[in-house]
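Worksheet for the structure shown next.
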Amino acid sequence: MATTTTGVTRDVVLPVANDRAWELVTEQEHLERWLAPEVDIELERGGRIEIRLEDGSARAGTVETVEHGRELAFRWHPDRPERREDWESTVRITLEPAVAGTRIVVVESLGAGVPQAIASAALCAWGWERRLTAIGLGTLAPVG
Amino acid sequence: MSTASVDAAFTALADPTRREVVRLLATTPTVTASELSRRLPLTRQALAKHLGALAAAGLVSGARAGRETRYELTPEPLGAVSAWLDGVGAAWEHRLAALERLADETGA
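First to last, the sequence lines map onto chains D and V.
Residue numbers for the first sequence, in the working numbering: 790 to 933.
Residue numbers for the second sequence, in the working numbering: 17 to 124.
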């Protein structure tokens, strides 16, 4: 129970081989065409990631995992000083072989603390988990 | 769902005891600090303080009943958290759709 976190999972199958998919999810020129208009990423563990979103807001964080062809993970948070830790989340992008190409799975998990209460108690009690699942939005399941 | 109410709910729920209180309240209509103190290894006074913090974040509301205050869970701020999750999900759907278009355009 203590290790569960609440996250959002989304995936897509790209009609390309693993090598190409890895380029698309890690190289700046590609990231700036799908992740956000401005992306700076140091592709190594502990590297900085700085992003400017369409709405002009910024996010910044740290790269946690770079496993070539398999996984890119980073922590990020809105680039504002107050209560950063409350808003920090981890994004894990994994590549898996798929029948027609490469599956990209993205899991964004909320930071420590809050999620398990939401996941295991309150939301379940009110059926929000079911509601969200029913309309195909959040996946409020334990991840990681 | 304002950002401020999500902020307040996150902050209040950062404490493990308060999460446990919320968990208990999710399965109980109302509780008092005394009742909680029989179910959790904390004093009535400590629990009254936690309930006060949850009330300040809008997660519970209290009504005086004799010498004590009875609290019930009020779901709206948690709804704000779930809305935040919805927003995160929608953002990734948007991004992954763009990634798919990019892959289609540029080919293997």
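We put the CB at the ideal spot given by N, CA and C, even for glycine.
In this text, all values refer to a predicted model and were calculated from it rather than measured experimentally.
Under 7 angstroms, CB to CB, which of the residues in the segment 816-831 of chain D have a partner in chain V? Along the segment 816-831 of chain D, going in chain order, the ones with a CB nearer than 7 angstroms to a CB of chain V are His819, Arg822, Trp823 and Leu824.
- Using DSSP with H/G/I as helix, E/B as strand and the rest coil, what is Arg83 (chain V)? For the purposes of this step, residue 83 (chain V) is identified with residue 67 of the second sequence, where counting begins at 1. In the structure shown, Arg83 (chain V) sits in coil (DSSP, three-state: anything other than H, G, I, E or B).
### Task
Anything in chain D within Cβ reach of Val76 (chain V), meaning under 9 angstroms, just list it in chain order.
To locate residue 76 (chain V), count along the second sequence from 1; it is residue 60. Residues of chain D passing the Cβ test: none, with the nearest at roughly 11 angstroms.
Indicate the three-state DSSP secondary structure (helix, strand or coil) for Arg134 (chain V) in the structure shown.
-> The structure shown does not extend to residue 134 (chain V), since chain V is modelled only from 17 through 124, so no value can be given for it.
**OP:** Compute the Euclidean distance between the alpha carbons of Ala107 (chain V) and Gly850 (chain D), then round it to the nearest angstrom.
**Re:** Position 91 of the second sequence holds residue 107 (chain V). Position 61 of the first sequence holds residue 850 (chain D). Roughly 18 angstroms separates the two Cα atoms.
Could you compute how far the alpha carbon of Arg848 (chain D) sits from the alpha carbon of Leu842 (chain D)? In the first sequence, counting from the first residue as 1, residue 848 (chain D) sits at position 59. In the first sequence, counting from the first residue as 1, residue 842 (chain D) sits at position 53. Near 8 angstroms, if we compare the C-alpha coordinates of Leu842 (chain D) and Arg848 (chain D).
Helix, strand or coil at Arg841 (chain D) according to DSSP, with G and I counted as helix
Reading the first sequence from its first residue, position 52 is the one you call residue 841 (chain D). Reduced to three states, the DSSP call for Arg841 (chain D) is strand.
Between Glu897 (chain D) and chain C, is any beta-carbon pair separated by less than 8 angstroms? Checking the listed chains, one finds no chain C in this structure; the protein chains it contains are D and V.
Residue environment, Leu921 (chain D), which counts as buried when at least 16 other CB atoms sit within 10 Å: The residue you call residue 921 (chain D) lines up with position 132 of the first sequence. Residue placement at Leu921 (chain D) cannot be trusted, given a pLDDT of 38 that sits under 50; what the coordinates show is reported in the next sentence. By the 10 Å Cβ count, Leu921 (chain D) comes out buried.
**Report entry** Segment limits, beta strand (DSSP E) that includes Gly850 (chain D)
**Finding:** In the first sequence, residue 850 (chain D) corresponds to position 61, counting from 1. Ala847 to Glu856 is the extent of the beta strand (DSSP E) around Gly850 (chain D).
**Prompt:** Leaving out the 5 sequence neighbours to the left and right, which residues in its chain are closer than 6 angstroms to Val880 (chain D) when beta-carbon positions are compared?
**Reply:** Reading the first sequence from its first residue, position 91 is the one you call residue 880 (chain D). Around Val880 (chain D): Phe863 and Glu897.
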